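Numbering (our numbering), first residue to last: 7 to 354.
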């Protein structure tokens, strides 16, 4: 891997000539050029590391345990945060550490594509997919003697990328096992993140999944530290801190909040009668519709998931003008099941 053809392609690209290269590498080169990345000089910027990050704390422990499998292979392992900043590095040999320090690949270095061009961490952060970059496929010439494979780590609770794991070695030693190794490391970190999730986070995820399965709106679940975003809400670019502040300002008992001039959200507390445990927001465009009076006050003896289901059905009734056939179709319920829920939740 990483033959002279890669260097020839890199040189042709930098001169503006037509070039043949792996499609994902060529696209990354083009992005790097648009960002104005200098291909000849490192010129990296640096920033502080969040030492308290759960990803760093848990990821480091997992990767260190698995690192012994790679000792003796002139290998370096690294973690980077969701913005592409290297937050931790482990090296199998002192010579590897010295060489990587020389090319400014270490904790605090910002190696996302916009700053550092094509590299494993940069590509994985941008594309949210595993990436392999060998030799002269790197956009920056000082990194041409290295190969790296990186893949994003997805938090099992929030379903968002929280960082990347990177495996690096000398370009002449690169092979397909780099991707195998990085995927094994990512799997280990994701498993550990899931095991470390708090009971409160799991309740939030349960409520989020329950609402997601019974509503056509974009679902976002938020508390003071966590935000879970359904795929349907990913393009809304909502900010966790701003959402949570809005929820707190609205107070307990609020059933609806205006997010923007175009967006409003129904509010479903994870725990009925309180918001400190988080809320599920069902976001829609357009003018909000009122909930039926019977749905405004919580019923006693309902579990959090039952209360959430009750409110979803009440919303659907309001939006469908009371048409129960349309409500059943929208929620994916049989008419018999819907009528059973209406009686149980006193929505008739």
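All residues carry an ideal CB built from backbone N, CA and C; glycine is no exception. Owing to the predicted nature of the structure, the values given are computational and were not obtained by experimental measurement.
Which residues mark the beginning and the end of the beta strand (DSSP E) in which residue 174 is found? Along the chain shown, read from residue 1 onward, the residue named residue 174 stands at position 168. Start and end: 167-176.
Run through DSSP, which three-state label would residue 299 get? Stepping through the chain shown from its first residue, residue 299 is reached at position 293. No answer about residue 299 holds up, because its pLDDT of 42 lies below 50 and its placement is not dependable.
Sub-8 angstroms separation of residue 56 and residue 87 beta-carbons: In the chain shown, the residue the question calls residue 56 occupies position 50. In the chain shown, the residue the question calls residue 87 occupies position 81. Taking 8 angstroms as the cut-off, the Cβ atoms of residue 56 and residue 87 count as close.
Does the beta-carbon of residue 161 have 16 or more other beta-carbons within 10 angstroms, so that it is buried, or is it exposed? Residue mapping note: residue 161 aligns to position 155 of the chain shown, counting from 1. By the neighbour-count rule (16 or more Cβ atoms within 10 Å), residue 161 is buried.
Please return the same chain residues whose Cβ sits closer than 6 angstroms to the Cβ of residue 235, not counting the five positions on each side in sequence. Mapped onto the chain shown, residue 235 falls at position 229. Excluding positions up to five away in sequence, the list reads 226.
Could you tell me whether the stretch 173-188 touches the stretch 208-225, using the rule of 3 or more Cβ pairs below 8 angstroms? With the cut-off at 8 angstroms, the stretch 173-188 and the stretch 208-225 do not touch.
On the premise that residue 289 lies in contact with residue 273, defined as a C-beta separation below 8 angstroms, what is that separation, rounded to the nearest angstrom? For the purposes of this step, residue 273 is taken as residue 267 along the chain shown, with counting starting at 1. For the purposes of this step, residue 289 is taken as residue 283 along the chain shown, with counting starting at 1. Contact between residue 273 and residue 289 does not hold, since the beta-carbon distance rounds to 11 angstroms and is not under 8 angstroms.
Contacts around residue 137, its chain only, beta-carbon distance under 6 angstroms, and the 5 residues preceding and following it disregarded: Within the chain shown, numbered from 1, the residue matching residue 137 stands at position 131. So the list reads 126, 129, 130 and 156, once near-sequence residues are dropped.
Grouping DSSP H, G and I as helix and E and B as strand, with all else coil, what is residue 86? By one-based count along the chain shown, residue 86 stands at place 80. DSSP places residue 86 in strand when its eight states are reduced to three.
Since residue 233 sits in a beta bridge, which residues does DSSP pair it with? As a first step, residue 233 must be located in the chain shown, where it is residue number 227. When DSSP reads this structure, residue 233 sits in a beta bridge with 228.
Cβ contact (3+ pairs, closer than 8 angstroms) linking the stretch 110-119 and the stretch 29-41: Cβ pair count under 8 angstroms is three or more, so yes.
Between the beta-carbon of residue 276 and the beta-carbon of residue 263, is there less than 8 angstroms? Position 270 of the chain shown holds residue 276. Position 257 of the chain shown holds residue 263. Contact: no.
Within its chain, find whatever has a CB closer than 8 angstroms to the CB of residue 344; leave out the 5 residues flanking it on each side and keep chain order. As a position in the chain shown, residue 344 is number 338, starting the count at 1. These residues qualify, in order along the chain: 319, 330, 333, 334 and 337.
Euclidean distance between Cα positions of residue 65 and residue 198: For the purposes of this step, residue 65 is taken as the residue at position 59 of the chain shown. For the purposes of this step, residue 198 is taken as the residue at position 192 of the chain shown. Here the alpha carbons of residue 198 and residue 65 stand approximately 8 angstroms from one another.
Report the residue from 84, 313 and 28 whose alpha carbon sits nearest the alpha carbon of residue 220. One-based indexing of the chain shown puts residue 220 at position 214. Shortest Cα-Cα distance from residue 220 to any of 84, 313 and 28 involves 313.
Compute every distance between the C-beta of residue 220 and the non-hydrogen atoms of the ligand ATP, then say whether any falls below 7 angstroms. Inclusion of the ligand ATP in the displayed structure is not the case, the ligand content being empty and no account of it being possible.
Leaving out five residues before and five after residue 27 in sequence, what residues of the same chain have Cβ atoms less than 6 angstroms from its Cβ? Locating residue 27 in the chain shown gives position 21, where the first residue counts as 1. Same-chain partners within the cutoff: 15.
Environment of residue 112 [buried if 16+ CB atoms lie within 10 Å]: In the chain shown, the residue the question calls residue 112 occupies position 106. Classification of residue 112: buried, given that the 10 Å Cβ count is 16 or more.
Where does residue 351 fall in DSSP's three states? In the chain shown, residue 351 corresponds to position 345, counting from 1. In this structure, residue 351 counts as coil in the three-state DSSP scheme.
Going by the beta-carbon positions, is the gap between residue 153 and residue 139 smaller than 8 angstroms? The count along the chain shown starts at 1 and reaches residue 153 at position 147. The count along the chain shown starts at 1 and reaches residue 139 at position 133. By the CB criterion at 8 angstroms, residue 153 and residue 139 fall inside the cutoff.
Since residue 115 sits in a beta bridge, which residues does DSSP pair it with? Within the chain shown, residue 115 is the residue found at index 109, counting from 1. 52, per the DSSP bridge assignment.
Own chain residues within Cβ distance below 8 angstroms of residue 202, not counting five before or after: As a working note, residue 202 is residue 196 in the chain shown. Contacts found: 60 and 64.
Residues sharing a beta bridge with residue 262, DSSP: On the chain shown, position 256 is the one that residue 262 refers to. 272.
What do you get for residue 10, buried or exposed, if any count of 16 or more other CB atoms within 10 angstroms of its CB means buried? Here residue 10 corresponds to residue number 4 of the chain shown, with the count starting at 1. Residue burial annotation: residue 10 is exposed, with fewer than 16 other C-beta atoms found within 10 angstroms of its C-beta.
Roughly how many angstroms separate the alpha carbons of residue 240 and residue 149, rounded to a whole number? Counting from one through the chain shown, the residue named residue 240 turns up at place 234. Counting from one through the chain shown, the residue named residue 149 turns up at place 143. If I take the Cα positions, the gap works out to 34 angstroms.
Could you please give the first and the last residue of the uninterrupted beta strand (DSSP E) stretch that includes residue 284? Translated into positions along the chain shown, residue 284 becomes position 278. Bounds of the beta strand (DSSP E) holding residue 284 are 280-291.
Selection from 191, 107, 22 and 133 that minimises the alpha carbon distance to residue 67: As a first step, residue 67 is located in the chain shown; it is residue number 61 there, counting from the start. Checked all of 191, 107, 22 and 133; the closest Cα to residue 67 is 191.
Return the Cβ separation of residue 13 and residue 142 in integer angstroms, given the expectation that the two are a contact with Cβ distance under 8 angstroms. For the purposes of this step, residue 13 is taken as residue 7 along the chain shown, with counting starting at 1. For the purposes of this step, residue 142 is taken as residue 136 along the chain shown, with counting starting at 1. Going by Cβ atoms, the distance from residue 13 to residue 142 rounds to 4 angstroms, so yes, they are a contact pair.
Excluding sequence positions up to five away, which residues of its chain have a Cβ less than 6 angstroms from the Cβ of residue 326? The count along the chain shown starts at 1 and reaches residue 326 at position 320. Hits under 6 angstroms: 332 and 333.
Would you tell me roughly how many angstroms separate the C-alpha atoms of residue 91 and residue 206, rounded to the nearest one? For the purposes of this step, residue 91 is taken as the residue at position 85 of the chain shown. For the purposes of this step, residue 206 is taken as the residue at position 200 of the chain shown. Taking the straight line from one Cα to the other gives about 29 angstroms.
To the nearest angstrom, report how far apart residue 268 and residue 244 are at their CA atoms. Taking the chain shown and counting its residues from 1, one reaches residue 268 at position 262. Taking the chain shown and counting its residues from 1, one reaches residue 244 at position 238. Straight through space, the alpha carbons of residue 244 and residue 268 are spaced by roughly 13 angstroms.
Thinking C-alpha only, which one of 213, 339, 208 and 84 is nearest residue 287? As a position in the chain shown, residue 287 is number 281, starting the count at 1. Of the candidates 213, 339, 208 and 84, the one whose C-alpha sits nearest the C-alpha of residue 287 is 213.
C-alpha gap between residue 159 and residue 193, whole angstroms: Here residue 159 is taken as the residue at index 153 of the chain shown, counted from 1. Here residue 193 is taken as the residue at index 187 of the chain shown, counted from 1. Distance between the alpha carbons of residue 159 and residue 193: 8 angstroms.
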